[in-house]
């Protein structure tokens, strides 16, 4: 349904908002009208925040996480275990793992996973830099923490192939029954895997 | 298994019907467009949560009505099952078993096994190999829940490999290896399952065909796969360059087929309409026997207008076959009641003829 806007300025603004994920044209219009009601300074601040974000954002040159400094606060933190690298798909995953407060090592953000259908190949990702990191630094273990889809598995495999000549220890996050889940509702593949990869009971409550 | 009674409201051209069914043969007779097939379709709906002929639910509601309702009372093993289906325009459809609503429709499918033989089956012979793979997949996934998952994973890996073939930027051999490894893993599993299935299926099929045709013709059914004589892994590696030029993976279980022959020749070319029909019916009846084995109950059999291309002899043979103890309850649609009035008393089973006139059943 095409709507008629009373001004091209308005229409352009709506078009820009509607480009965002999860925002349709109706929501976009609502947001634009809301902004119009705000004071000029507020809207300026709003716009400038994004312009600055885009212009000044820095990706950590070690792990490629988003950062304010050349090396991010995780990579530069001396209290962290610099011999372990956890490989994740994107920045959201870093935040998720950080929130668990269970991990004290460093990260490596790939920036996506391999999917030829979406035109993403290994060269579009930070895989070369990971290999280089493993070769140059004193790394003991690489943990693969990618999504458990076929693309995630493929990326895991690809990295594994690239890293195996270095002889480093490569692990992957455990897959199994979620905490608080009832067995009868677990899907068969997951349940099957948890049985095959069962853990010693003494390790289960660590 | 048996459908004891059905009540229908506003399903396609049937405004209202309450019918009780005897345990063996039920015949719906009437002229074209009277609603015989719709009646069978209503029974089909209660088993599969969808119509065989039209997947748009709002179009299955009678034109001037706002909702439809189907209710069937079944005897399944020792139990009575009451299945209810209600659809209102612009609302989610409801499926209830014994007055309790299903959270997911998938939970219902498979409870009431059913085989439908309809004119649409012609595609199995006439159309591409896709139809025949679908037939195999459909039967296998009814008794093997992992099969469908493997098939989906295989197709996914295949899609990724095809995308890789078309992308000139990605020539990394490791990438090919990884997708191919997954294709091989799932492909080999699917191959094994299909092979096993066809091996068990062929004797059932042959038996049916020779019974119906009284051994007049020799028909064949064979599983064709590139994996018979070569490993998929090797083929994929060997043909990478050629596949790249074509832009498509030429090897794998997505090229499998079921070869159907009459004498020495492909059914598609030499089969007469009657022979094709006999072939398809034998195939579907073999599927029936298969489902019976895996479910442990006799499925319901629907025969939709299958007799018009067949000679009198074959019709009698088919009726003789399905009236036997191997088969359970049967629903038939036909244009005229002429030969049913003749045949039914002869086979001495509980049966009934329903006349369908303008969506009304008398």
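Residue numbers (the working numbering), protein chains in the order written: chain A, 463 to 668; chain B, 792 to 1153. Every residue, glycine too, gets a C-beta built ideally from N, C-alpha and C. Every value quoted in this text rests on a predicted model; they were computed, and no experiment measured them.
Element boundaries [alpha helix (DSSP H), containing residue i]
| i | result |
| --- | --- |
| residue 738 of chain B | Residue 738 of chain B lies beyond the residue range present for chain B, which begins at 792 and ends at 1153; the question has no answer from this structure. |
| residue 508 of chain A | 502-518 |
| residue 1130 of chain B | 1129-1138 |
| residue 1114 of chain B | 1103-1114 |
| residue 834 of chain B | 827-839 |
| residue 986 of chain B | 964-1004 |
| residue 633 of chain A | No alpha helix (DSSP H) holds residue 633 of chain A; the beta strand (DSSP E) holding it covers 631-634. |
| residue 869 of chain B | Run containing residue 869 of chain B: none; DSSP gives neither H nor E here. |
| residue 1084 of chain B | 1064-1086 |
| residue 597 of chain A | 590-598 |
| residue 666 of chain A | 663-666 |
Identified DSSP bridge partners for residue i
| i | result |
| --- | --- |
| residue 1147 of chain B | B:1152 |
| residue 553 of chain A | BP columns for residue 553 of chain A are empty, so no partner. |
| residue 943 of chain B | Beta-bridge pairing links residue 943 of chain B to no other residue. |
| residue 479 of chain A | The partner list for residue 479 of chain A (beta bridge, DSSP) is empty, contrary to what the question assumes. |
| residue 543 of chain A | A:567 |
| residue 1091 of chain B | B:905 |
| residue 794 of chain B | B:865 |
Beta-carbon proximity of residue i to residue j, cut-off 8 Å
| i | j | result |
| --- | --- | --- |
| residue 1047 of chain B | residue 924 of chain B | yes |
| residue 605 of chain A | residue 546 of chain A | yes |
| residue 1071 of chain B | residue 928 of chain B | no |
| residue 949 of chain B | residue 1040 of chain B | yes |
| residue 939 of chain B | residue 1147 of chain B | no |
| residue 1016 of chain B | residue 814 of chain B | no |
| residue 861 of chain B | residue 853 of chain B | no |
| residue 810 of chain B | residue 1152 of chain B | yes |
| residue 995 of chain B | residue 1114 of chain B | no |
| residue 544 of chain A | residue 568 of chain A | yes |
| residue 526 of chain A | residue 599 of chain A | no |
| residue 620 of chain A | residue 969 of chain B | yes |
| residue 993 of chain B | residue 1112 of chain B | no |
| residue 802 of chain B | residue 845 of chain B | no |
| residue 951 of chain B | residue 578 of chain A | yes |
Alpha carbon of residue i to alpha carbon of residue j, nearest angstrom
| i | j | result |
| --- | --- | --- |
| residue 792 of chain B | residue 612 of chain A | 41 Å |
| residue 905 of chain B | residue 647 of chain A | 27 Å |
| residue 818 of chain B | residue 1013 of chain B | 34 Å |
| residue 463 of chain A | residue 1044 of chain B | Confidence at residue 463 of chain A is low in this model, with a pLDDT of 46, below 50, so its placement is unreliable and no value can be given for it. |
| residue 932 of chain B | residue 591 of chain A | 44 Å |
| residue 1098 of chain B | residue 616 of chain A | 52 Å |
| residue 824 of chain B | residue 998 of chain B | 35 Å |
| residue 540 of chain A | residue 566 of chain A | 11 Å |
| residue 1093 of chain B | residue 1061 of chain B | 28 Å |
| residue 486 of chain A | residue 509 of chain A | 20 Å |
| residue 518 of chain A | residue 840 of chain B | 56 Å |
| residue 849 of chain B | residue 877 of chain B | 12 Å |
| residue 935 of chain B | residue 985 of chain B | 11 Å |
| residue 1086 of chain B | residue 806 of chain B | 34 Å |
| residue 497 of chain A | residue 481 of chain A | 17 Å |
| residue 781 of chain B | residue 915 of chain B | Here chain B has residues from 792 to 1153 only, and residue 781 of chain B is not among them. |
| residue 1143 of chain B | residue 1001 of chain B | 29 Å |
| residue 1095 of chain B | residue 973 of chain B | 42 Å |
| residue 530 of chain A | residue 523 of chain A | 11 Å |
| residue 867 of chain B | residue 1069 of chain B | 30 Å |
| residue 549 of chain A | residue 572 of chain A | 7 Å |
| residue 580 of chain A | residue 657 of chain A | 34 Å |
| residue 775 of chain B | residue 1103 of chain B | In the structure as shown, chain B begins at 792 and stops at 1153. Residue 775 of chain B is therefore absent and cannot be evaluated. |
Residue i classed as buried or exposed, judged by whether at least 16 other C-beta atoms fall within 10 angstroms
| i | result |
| --- | --- |
| residue 943 of chain B | exposed |
| residue 570 of chain A | buried |
| residue 664 of chain A | exposed |
| residue 863 of chain B | buried |
| residue 1019 of chain B | exposed |
| residue 894 of chain B | exposed |
| residue 676 of chain A | The requested residue 676 of chain A does not occur in the structure, where chain A is confined to residues 463 to 668. |
| residue 554 of chain A | exposed |
| residue 1125 of chain B | buried |
| residue 1207 of chain B | Coverage of chain B is limited to positions 792 through 1153, which leaves residue 1207 of chain B absent and any answer about it impossible. |
| residue 988 of chain B | buried |
Start and end residues, beta strand (DSSP E) containing residue i
| i | result |
| --- | --- |
| residue 806 of chain B | 805-811 |
| residue 647 of chain A | Run containing residue 647 of chain A: none; DSSP gives neither H nor E here. |
| residue 616 of chain A | No beta strand (DSSP E) contains residue 616 of chain A, which is instead part of the alpha helix (DSSP H) from 612-625. |
| residue 908 of chain B | 905-908 |
| residue 819 of chain B | 816-820 |
| residue 1013 of chain B | 1010-1015 |
| residue 1052 of chain B | 1048-1053 |
| residue 604 of chain A | 603-606 |
Residues, ordered as in the chain, of the segment 948-961 of chain B that lie near chain E by beta-carbon distance below 9 Å: Judged by its chain identifiers, the structure shown contains no chain E, and its protein chains are A and B.
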